[in-house]
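Asker: Quick one: the structure is below, questions incoming.
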Amino acid sequence: MNLAILMPRYLVVACLLMPMLGSAGAPLVEDHEEDPRDLSAQATVSLTAALGTALEAVPGQAVEIELESAKTASGRTIYFDVVILTPEGKLREVAVDARSGAVIKAPDESEAREEDEDDEGDEDDEDEDEDDDEDEVRAYRRVLRHAELTLAQLVEKASLVVKGSPVEAAFETDELASCEVLFANSRYVIEVDLETRAGHITEMGLHEPDEDDDDDDEDEDD
1434 MNLAILMPRY LVVACLLMPM LGSAGAPLVE DHEEDPRDLS AQATVSLTAA LGTALEAVPG
1494 QAVEIELESA KTASGRTIYF DVVILTPEGK LREVAVDARS GAVIKAPDES EAREEDEDDE
1554 GDEDDEDEDE DDDEDEVRAY RRVLRHAELT LAQLVEKASL VVKGSPVEAA FETDELASCE
1614 VLFANSRYVI EVDLETRAGH ITEMGLHEPD EDDDDDDEDE DD
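One point on numbering: in the numbering used here, the residue at position 210 of the sequence shown is 1643, and numbering is uninterrupted.
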């Protein structure tokens, strides 16, 4: 199974990087899918530390995290993209700089209200997306009811067995008690499945990139 499929975007992290780029800021433009081994080598903040930082900014339950890169006017940023299910039943996305550990973007209540107002103003275009979001929230709530460990705890459980740095993790919405974690080391990307009650590993193997990832790499070479 492919973790990338499980990482939807609820808020586009194309925002102003005020702490990093000065008062002018610059929008993020996502890179092509980069090898997680390369990204991991450049990150100085751990995935579990980024989870803690994101949850301080937006309280709730982390359901997904991925190490990503993006282009800005002043260069390139490596960050953890964290998806959090809030107590109010909203999916919020927080970006944590993988070098400094600072929150790059965290949605606040005013932004959430503005999103709701925008949705009301463009109902014909947004109804289907809202239904998808509601389905996703219900799926995560169902999964979390069967989980006795947090995403960070599951990553730590897998880290006891796998050699490498965690670069992605997510509760799986198509299975009631399963979590998938990706680890990167200098040679391999390793995919680990765990059950979410006690954190036992149910499956482990080398991660195979998507066909889309391969196409992106070929385009970049051209």
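Using N, Cα and C, we set each Cβ at its ideal position, and we do this for glycine too.
Under the rule that 16 or more other beta-carbon atoms within 10 Å means buried, what is V1600, buried or exposed?
Answerer: Position 167 of the sequence shown holds residue 1600. Result: buried.
Asker: Thinking C-beta only, is A1602 closer than 8 Å to V1588?
Answerer: Along the sequence shown, one-based indexing puts residue 1588 at 155. Along the sequence shown, one-based indexing puts residue 1602 at 169. For V1588 and A1602, yes; Cβs fall inside 8 Å.
Asker: What would DSSP say about T1505, mapped onto helix, strand or coil?
Answerer: Counted from its first residue, the sequence shown places residue 1505 at position 72. Here T1505 sits in strand by DSSP.
Asker: Within the continuous beta strand (DSSP E) that includes K1538, where are the two ends?
Answerer: Within the sequence shown, the letter at position 105 stands for residue 1538. That run of the beta strand (DSSP E) goes 1536-1538.
Asker: Counting pairs of beta carbons, one from the segment 1613-1632 and one from the segment 1510-1518, are three or more of them closer than 8 Å?
Answerer: no
Asker: I'd like the ranges of any beta strand (DSSP E) spanning at least 3 consecutive residues and lying wholly in the segment 1569-1617.
Answerer: Taking only runs of at least 3 residues, the beta strand (DSSP E) segments lying wholly in the segment 1569-1617 are 1598-1604, 1611-1617.
Asker: Between which two residues does the beta strand (DSSP E) containing D1626 stretch?
Answerer: Working through the sequence shown from its first residue, we reach residue 1626 at position 193. Here the beta strand (DSSP E) through D1626 covers 1622-1628.
Asker: Taking buried to mean at least 16 other C-beta atoms within 10 Å of its own C-beta, is K1596 buried or exposed?
Answerer: Reading the sequence shown from its first residue, position 163 is the one you call residue 1596. That one is exposed.
Asker: Need the endpoints of the alpha helix (DSSP H) that P1485 sits in, please.
Answerer: Here the question's residue 1485 lines up with position 52 in the sequence shown. Checking the sequence, you will find Gly at residue 1485 rather than Pro. Run containing G1485: 1480-1490, per the alpha helix (DSSP H) assignment.
Asker: How would you label S1543, buried or exposed, when you count the other beta carbons within 10 angstroms and need 16 or more for buried?
Answerer: As a first step, residue 1543 must be located in the sequence shown, where it is residue number 110. Below a pLDDT of 50, predicted positions are generally treated as unreliable, and S1543, at 41, falls in that range; the measurement from the model is reported next regardless. By the neighbour-count rule (16 or more Cβ atoms within 10 Å), S1543 is not buried but exposed.
Asker: Between V1536 and A1490, which are expected to be in contact by the criterion C-beta below 8 Å, what is the C-beta distance as a whole number of angstroms?
Answerer: In the sequence shown, residue 1536 corresponds to position 103, counting from 1. In the sequence shown, residue 1490 corresponds to position 57, counting from 1. About 5 Å separates the two Cβ atoms, so the contact holds.
Asker: Does DSSP classify A1474 as helix, strand or coil?
Answerer: The count along the sequence shown starts at 1 and reaches residue 1474 at position 41. Here A1474 sits in helix by DSSP.
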